[in-house]
Each structure stands twice: as C-alpha cells, then as structure tokens.
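So the sequences go chain by chain: A and B. The first sequence lines up with residues 74 to 190 when you count with the numbering used here. The second sequence lines up with residues 79 to 191 when you count with the numbering used here. Cβ coordinates follow ideal geometry from the N, Cα and C atoms, glycine included.
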Amino acid sequence: DARVTQTPRDKVTEMGQEVTMRCQPILGHNTVFWYRQTMMQGLELLAYFRNRAPLDDSGMPKDRFSAEMPDATLATLKIQPSEPRDSAVYFCASGLVLAGLSTDTQYFGPGTRLTVL
Amino acid sequence: GENVEQHPSTLSVQEGDSAVIKCTYSDSASNYFPWYKQELGKGPQLIIDIRSNVGEKKDQRIAVTLNKTAKHFSLHITETQPEDSAVYFCAAPPSGGSYIPTFGRGTSLIVHP
Numbered sequence: 074d075a076r077v078t079q080t081p082r083d084k085v086t087e088m089g090q091e092v093t094m095r096c097q098p099i100l101g102h103n104t105v106f107w108y109r110q111t112m113m114q115g116l117e118l119l120a121y122f123r124n125r126a127p128l129d130d131s132g133m134p135k136d137r138f139s140a141e142m143p144d145a146t147l148a149t150l151k152i153q154p155s156e157p158r159d160s161a162v163y164f165c166a167s168g169l170v171l172a173g174l175s176t177d178t179q180y181f182g183p184g185t186r187l188t189v190l
Numbered sequence: 079g080e081n082v083e084q085h086p087s088t089l090s091v092q093e094g095d096s097a098v099i100k101c102t103y104s105d106s107a108s109n110y111f112p113w114y115k116q117e118l119g120k121g122p123q124l125i126i127d128i129r130s131n132v133g134e135k136k137d138q139r140i141a142v143t144l145n146k147t148a149k150h151f152s153l154h155i156t157e158t159q160p161e162d163s164a165v166y167f168c169a170a171p172p173s174g175g176s177y178i179p180t181f182g183r184g185t186s187l188i189v190h191p
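This is the structure we're talking about:
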C-alpha cells in the first residue's frame, strides 16, 4: 500500500530556529504539493513541483520559506527563521499528472504539526 | 483563477440520516471534481471523484452529483454513521494547463449516535 510519508510528525521549536520538513512522495508520482493548514485559513498551497521543477510557489513567504526536491524521492520545506505565526500543520501531497489530463488525485501524507514558541 | 465555495461549514446530523455538502466553482472549463475526507490528526484522503463527462457517481453510501450548467457539485452520504464524522473538502482544478486544484474551506460533519 503506497503512501506519502512525512517527517517529523511533530516539531516544537523556538522562534528564530530553522525547521526542515521532509516528504517522500509515492514512487512514480511526478507532482508534489506542500500545503499549510490552520483553522483560520484552511488549506493553503505553499508550493507545487512537477517532475522536480518548482512551478508555483506564489503562496509561500519567500523571505523565510524555501522548498526543494533534491531528487524524485525527497521533497523538503524549510523555514528559516521560524516565527510563532508559522505554527500549523504542514501537508505534503503527491500525484501523477499525465499529458492530456488537467489534474489527478492528490495523495496526502499524515502531516507535520509545527509549533513555534 | 478558480473560486470554490463550499457549504455548509458545519453539519450536524443524527445517525442514519443523510448528509449533503455542496460546492460551487467558477471556471466552466474545470473537469475533475474530487472529494476528500480528513479525520482528526490525519491528512485528507480521497473518498470519491467525478469527471465532467458524467453527472453522478456512487460508491456504496456516498455519491457525488455534478451540474455543469449551474457549476456546482455535491457530496451525498446516506445512512450516516458516527465514523463518517470528519471534515470534508471539495476541490476543483483551474483550466489553462495548471494542475493545481483549489480546495473549498471544508465542512465539519458531526454524526450523533
């Protein structure tokens, strides 16, 4: 049963510290999404990769957030420096986009619950 | 870009009743409409989806209907059970080659035993 995995599941850190979240997409998938979920804002898209190339990061605060895919099996989301307002659950999702289809199912990971004190 | 509105934001029903959640979208070219269920402490998981070439799709107690003319689609859950309690999200993709769906704000469904 293929699944998206995320580490860590929970992270508590102090303001100003660097935070790195990791995601392993489902093998064979060619899209990766990073979302942030809060009660107030719902699911916010932070970044979108297709075939490891970043195609959309317009929802991501550029001054402190960065997202990368060093290889097809790993996506990372980094916050430096972290702030209390970054406290949220961060989800990674992967999918498979084929030519001719506008979109396909997203498979979400279990999330990383980040608390910045 | 796509605008998706989801109603209601909360829905409380008695076990055995039916529940209906509705989403409207703005881009008439959208052609794929998934519904996700998010249980407490977990990520959203796909429960049913529909493509624009059909008007209805059923899977046991859940069904999705699509009205392309009116640009809305609905999730129907019959014979609700306490384990159906969760947050449900609809999504619709924008057109123009972007593969990034727009999610609704979510509906918190509570099924009382």
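Where Ser175(A) sits in the DSSP three-state scheme
Residue confidence for Ser175(A) is low, a pLDDT of 49 falling below 50, so the modelled location carries little weight; the figure read from the coordinates is stated next. Three-state result, Ser175(A): coil.
Around the C-beta of Val189(A), are 16 or more other C-beta atoms found within 10 angstroms, so that it is buried, or is it exposed?
So Val189(A) counts as buried.
N-terminal and C-terminal residue of the beta strand (DSSP E) that His102(A) is part of
Premise fails: His102(A) is in no beta strand (DSSP E) and is neither H nor E.
Whole-angstrom distance between Ala120(A) and Asp162(B), CA atom to CA atom:
30 Å
Are the C-beta of Ile178(B) and some C-beta of chain A separated by less than 9 Å?
yes
Using the Cα positions of Val142(B) and Lys135(B), report the straight-line distance between them to the nearest angstrom.
5 Å
Report yes or no: do three or more beta-carbon pairs, one from the segment 88 to 96 of chain B and one from the segment 138 to 147 of chain A, lie closer than 8 Å?
These segments do not touch.
Would Ala75(A) pass as a contact of Ile99(A) if the rule is Cβ separation under 9 Å?
For the pair Ala75(A) and Ile99(A), the CB atoms are nearer than the 9 Å cut-off.
Identify each residue in the segment 90 to 111 of chain A for which the Cβ-Cβ distance to at least one residue of chain B is less than 8 Å, and report them in chain order.
Thr104, Phe106
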